[in-house]
Amino acid sequence: MIQPREYARRRKQLMRMAGNDAILILAAAPERVRNNDAHYPYRQDSDFHYLTGFPEAEAVLALAPGRTAGEVILFCRERDAERERWDGPRAGTEGAVSDFAMDDAFPIEDIDDILPGLIEGRERVYYHFGRDVDFDLRLISWVNRLRAQMRHGVRPPHEFVALSHLLHDLRLFKSRAELALMKKSAQIASTAHRRAMQATRPGLNEHEIEAELLHVFRRHGAVPSYEPIVGGGANGCVLHYRANNAPLRDGDLLLIDAGAEFGCYASDITRTFPVNGRYSPAQRELYDLVLAAQHAAIDEVRPGRTFDAYHEAAMRVLTRGLIRLGLLSGTLEKNLREQTYRDFYMHKTGHWLGLDVHDVGDYRIEGEFRVLEPGMVVTVEPGLYIAPDAKRVPARYRGIGIRIEDDVIVTDGDPIVISDGVPKDADEIEALMAAAR
Ligand code: GLY
Ligand code: MN
Ligand code: MN
Numbered sequence: 005m006i007q008p009r010e011y012a013r014r015r016k017q018l019m020r021m022a023g024n025d026a027i028l029i030l031a032a033a034p035e036r037v038r039n040n041d042a043h044y045p046y047r048q049d050s051d052f053h054y055l056t057g058f059p060e061a062e063a064v065l066a067l068a069p070g071r072t073a074g075e076v077i078l079f080c081r082e083r084d085a086e087r088e089r090w091d092g093p094r095a096g097t098e099g100a101v102s103d104f105a106m107d108d109a110f111p112i113e114d115i116d117d118i119l120p121g122l123i124e125g126r127e128r129v130y131y132h133f134g135r136d137v138d139f140d141l142r143l144i145s146w147v148n149r150l151r152a153q154m155r156h157g158v159r160p161p162h163e164f165v166a167l168s169h170l171l172h173d174l175r176l177f178k179s180r181a182e183l184a185l186m187k188k189s190a191q192i193a194s195t196a197h198r199r200a201m202q203a204t205r206p207g208l209n210e211h212e213i214e215a216e217l218l219h220v221f222r223r224h225g226a227v228p229s230y231e232p233i234v235g236g237g238a239n240g241c242v243l244h245y246r247a248n249n250a251p252l253r254d255g256d257l258l259l260i261d262a263g264a265e266f267g268c269y270a271s272d273i274t275r276t277f278p279v280n281g282r283y284s285p286a287q288r289e290l291y292d293l294v295l296a297a298q299h300a301a302i303d304e305v306r307p308g309r310t311f312d313a314y315h316e317a318a319m320r321v322l323t324r325g326l327i328r329l330g331l332l333s334g335t336l337e338k339n340l341r342e343q344t345y346r347d348f349y350m351h352k353t354g355h356w357l358g359l360d361v362h363d364v365g366d367y368r369i370e371g372e373f374r375v376l377e378p379g380m381v382v383t384v385e386p387g388l389y390i391a392p393d394a395k396r397v398p399a400r401y402r403g404i405g406i407r408i409e410d411d412v413i414v415t416d417g418d419p420i421v422i423s424d425g426v427p428k429d430a431d432e433i434e435a436l437m438a439a440a441r
């Protein structure tokens, strides 16, 4: 649980960074209609959640640093017995103040009358332009209204600044409470992966294994943090495979990339295991290579190393192994220089993880890869994908897709792997699967 005072601390910090001559404006995620009056599941906007913990749509947060009548202002839906009978309870403006520690709250219907007055006299507006075109237009209309009154002494803002610069740097560093939620999210996902491994049998369909994952997520109050990838055999070579509707074949591997979202925090885990419970020799050779690359990469997730150091480490181990197994030829240095591994490994070794699965935050600062610091969380996810029609590759390796992905906290010492509740050592996976047979 993130306490109201932690949200308040984040808002304070953001306001301090923006300065007293600025105003910051954020909108809640809109509800999205799937068809007629059926909606997509509601998920609060991550930035809005980070600053409020407020779970409702139709809300706008304005932060007006230094405003004596209250710096933190929320516009939200009013209580409405009739609507609440259909859609469930709302906080209302009173709840926004009493339960969410807002300084002030107004009905969202009054925003056109009130927000221009809050913008008036501020030099800079921090805002996410381009994220919600309807809201962009409303903001422009409020500013234009101020501009039209300039000859009456009204002072419109002069500058519009991307809010992401300040806010996303804050989100990159996770607090103790955030890390606790991320651990829980990774634990739930680990449990789901274990259950999927134990349920897998030749002849079942990919979607039946997906159901095992979803069962564990929902049992623990989580939802998927992205559409799970459940790909048997060569489907594991399709990086964003989501059809999850093919039968599982004896002798194939099954690649599962699935993460939970708990309390809005994502986990992101991949395991690749044999449908029949035993890796073939060829599968095992590639698997152990990916695992060695992952171990080498995780060891680089340390403060002071650059973000790309762990990708470099994975690349080096994979390239050396691909030469040894006969998938690449020539010297290690020449292959590294020419990045020949790209035929078999076409993505980076990881990304920031947090409220979003591909979380926010710059990877480079002034062109240089950023240095890892304690409190950051990354995924480490090397893989090998040997296309079924790959040329100049020993036939025994074709159609094998493998990825191993864990979630790792940067500390001031050794990396902490928070997704270690599911095995990744091949022998341990085989033992876990055998125990269920
Ligand atoms: N599941 C998305 C990723 O691994 O980046
Ligand atoms: Mn990932
Ligand atoms: Mn993933």
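Just so we're on the same page, our numbering is the position in the sequence shown counted from 1, plus 4. All C-beta atoms in this analysis are idealised placements derived from N, C-alpha and C, irrespective of residue type, glycine included.
(1) Please determine, among Asp272, Ser271, His197, the residue with the shortest C-alpha to C-alpha distance to Leu258.
(2) Would you mind stating whether Phe79 and Ala61 have Cβ atoms separated by less than 9 Å?
(3) Within 10 Å of its beta-carbon, does Val64 have 16 or more other beta-carbons around it, so buried, or fewer, so exposed?
(4) Closer than 6 Å by C-beta to Gln7: which residues in its own chain qualify, once you throw out the five before and the five after it? Chain order, please.
(5) I'd like the ranges of any alpha helix (DSSP H) spanning at least 4 consecutive residues and lying wholly in the region 77–136.
(6) According to DSSP, is Tyr345 helix, strand or coil?
(7) Which one of Gly70, Arg328, Gly365 has the shortest CA to CA distance from Ser168?
(8) At which residues does the alpha helix (DSSP H) containing Val165 begin and terminate?
(9) Measuring straight from C-alpha to C-alpha, what distance separates Ser284 and Asp256?
(10) Give a single yes or no on whether Thr56 has its beta carbon closer than 8 Å to a heavy atom of ligand 3.
(11) Out of Asn239, Arg223, Gly240, Cys268, which has the shortest C-alpha to C-alpha gap to Ser229?
(12) Please report how far the alpha carbon of Asp393 lies from the alpha carbon of Asp173, in whole angstroms.
(13) Under three-state DSSP, which class holds Tyr230?
(14) Pick out whichever of Leu357, Met380, Thr383 has its Cα sitting closest to the Cα of Ser50.
(15) Would you call the region 407–419 in contact with the region 373–385, where contact means no fewer than 3 C-beta pairs closer than 8 Å?
(16) Judging by CA-CA distance, which residue of Thr310, Ala95, Gly57 is the nearest neighbour of Asp84?
(17) Can the beta-carbon of Glu210 be found closer than 9 Å to that of Asn239?
(18) Hey, Leu481 and Tyr345: beta-carbon distance below 9 Å or not?
(19) Going by the CB atoms, is the gap between Gly325 and Ala301 shorter than 9 Å?
(20) Beta carbon of His197: closer than 8 Å to some heavy atom of ligand 2?
(21) Can you confirm whether the region 26–41 touches the region 122–140 when touching is taken to mean that 3 or more C-beta pairs between the two stretches lie within less than 8 Å?
(22) Under 8 Å by Cβ, that's how I've got Pro59 and Asp136 pegged, so tell me the actual separation to the nearest angstrom.
(23) On the DSSP letters alone, give me the boundaries of the alpha helix (DSSP H) that Pro285 sits inside.
(24) Following the continuous alpha helix (DSSP H) through Thr204, name the residue where it begins and the one where it ends.
(25) Does the Cβ of Pro160 have 16 or more other Cβ atoms within 10 Å, making it buried, or fewer, making it exposed?
(26) With 16 as the cutoff for other CB atoms within 10 Å, does Trp146 come out buried or exposed?
(27) Confirm, please, whether the CB-CB distance from Ile406 to Val279 is below 9 Å.
(28) Under 8 Å by Cβ, that's how I've got Gly263 and Ala181 pegged, so tell me the actual separation to the nearest angstrom.
(29) Report the rounded CA-to-CA distance for Glu82 versus Asp116, giving the unit in angstroms.
(30) Can you check whether the CB of Phe311 is closer than 9 Å to the CB of Leu452?
(31) Would the C-beta of Asp312 count as close to ligand 2, meaning under 8 Å from any of its heavy atoms?
(32) For Ser189, count neighbouring C-beta atoms within 10 Å of its own C-beta (all shown protein chains included) and say buried if the count is 16 or more, exposed if not.
On the basis of the coordinates in this document:
(1) His197
(2) no
(3) Buried.
(4) none
(5) For the region 77–136, whole alpha helix (DSSP H) runs of length 4 or above, ordered along the chain, are 85–91, 96–104, 115–123.
(6) helix
(7) Checking every option, the nearest Cα to that of Ser168 belongs to Gly365.
(8) Counting along the chain, Val165 falls outside any alpha helix (DSSP H), though it belongs to the beta strand (DSSP E) covering 163–166.
(9) 9 Å
(10) no
(11) Cys268
(12) So the alpha carbons of these two residues sit roughly 43 Å apart.
(13) Tyr230 falls in the coil class under three-state DSSP.
(14) Leu357
(15) yes
(16) Ala95
(17) Yes, the Cβ-Cβ distance between Glu210 and Asn239 is below 9 Å.
(18) Nothing about residue 481 can be read from this structure; the chain reaches only from 5 to 441.
(19) no
(20) False, no ligand heavy atom lies under 8 Å from that Cβ.
(21) yes
(22) Contact doesn't hold; Cβ gap of about 18 Å is too wide.
(23) 285–302
(24) Per DSSP, Thr204 belongs to no alpha helix (DSSP H) and is neither H nor E.
(25) buried
(26) buried
(27) no
(28) Not a contact, Cβ separation roughly 20 Å.
(29) 16 Å
(30) In the structure as shown, the chain begins at 5 and stops at 441. Residue 452 is therefore absent and cannot be evaluated.
(31) no
(32) Looking at its Cβ environment, which holds 16 or more other Cβ atoms inside 10 Å, Ser189 is buried.
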